[in-house]
DNA sequence: TTAATATTTAGATATTTATCTAAATAACTA
DNA sequence: TAGTTATTTAGATAAATATCTAAATATTAA
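Residue numbers (UniProt numbering), protein chains in the order written: chain Y, 1 to 86; chain S, 1 to 86.
Written as structure tokens, this is what we have:
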């Protein structure tokens, strides 16, 4: 959960997640959407990958990123248990 | 959402939230549960309060903290929309 | 009023993090 | 093969953060 919360604790990364919700994108396409250098975006993608929130696949010259929503199940349940106060 | 993610991006604060899920506690009682100084716990409580995840009420000499789960609704819905990939 | 207890505020410090530029790696194209 | 494009890695830096001790504030009790 630590890496998941860490990944989500950044506005840029949350926006990347929302972009990837719409469709898979390669690193360059993602970087275009932000006023941040490509290396910085690459770093953000790495943190999202560490949290397993995104997966990446090399496609020729490009690296395509996809959202992995299954990992959100844990977070979802964590919140649910909190909402069920005893 | 920023302050909420920030608040949850710390193991100690998440543990405080889980403690308060069980019952309301004052600052001293909360601090007892951790090997961290009282001022540090006070600081964590402040961050949780800024995120509106907890509320505090002075009761005589003590300050009682309660979990506010309504604020989790936003987070809950954010996750839901992500899980509904188009 | 004085002493004790509970909590927060102030100020300092070490660590983490977001960002940058420059360089390295990998893959395509002429 | 040489040049171009896509992406990541390395290294540096400024800002944010978690923690501490010491001091301030507020409340209760003797």
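For glycine and all other residues, C-beta sits at the position ideal for the given N, C-alpha and C.
Simplified DSSP state of residue i, which is helix, strand or coil
i, result
"residue 26 (chain S)", "strand"
"residue 34 (chain Y)", "coil"
"residue 6 (chain S)", "helix"
"residue 131 (chain Y)", "Since the first and last residues shown for chain Y are 1 and 86, residue 131 (chain Y) lies out of range."
"residue 82 (chain Y)", "helix"
"residue 53 (chain Y)", "coil"
Whole-angstrom distance between residue j and residue i, CA atom to CA atom
i, j, result
"residue 41 (chain S)", "residue 30 (chain S)", "8 Å"
"residue 72 (chain Y)", "residue 5 (chain S)", "14 Å"
"residue 51 (chain S)", "residue 57 (chain Y)", "36 Å"
"residue 62 (chain Y)", "residue 15 (chain S)", "41 Å"
"residue 27 (chain S)", "residue 22 (chain Y)", "44 Å"
"residue 78 (chain Y)", "residue 39 (chain S)", "28 Å"
Whether residue i touches residue j by CB criterion (8 Å)
i, j, result
"residue 17 (chain Y)", "residue 19 (chain S)", "no"
"residue 45 (chain Y)", "residue 7 (chain Y)", "no"
"residue 1 (chain Y)", "residue 65 (chain Y)", "no"
8 Å Cβ cut-off: residues of chain S touching residue i
i, result
"residue 79 (chain Y)", "72, 75, 76, 79"
"residue 82 (chain Y)", "17, 18, 21, 67, 69, 72"
Chain-ordered neighbours of residue i on chain Y, where CB pairs are closer than 7 Å
i, result
"residue 11 (chain S)", "2"
Residue i beta carbon near the ligand NAP (any heavy atom closer than 7 Å)
i, result
"residue 41 (chain S)", "The ligand NAP is not part of the structure shown, which contains no ligands of any sort."
For this session: Determine which residues of the stretch 41-73 of chain Y have a Cβ less than 8 Å from any Cβ of chain S, and write them out in chain order.
Result: 67, 69, 72
Problem set entry | chain S contacts made by the stretch 28-42 of chain Y, where a contact means CB separation under 8 Å | none
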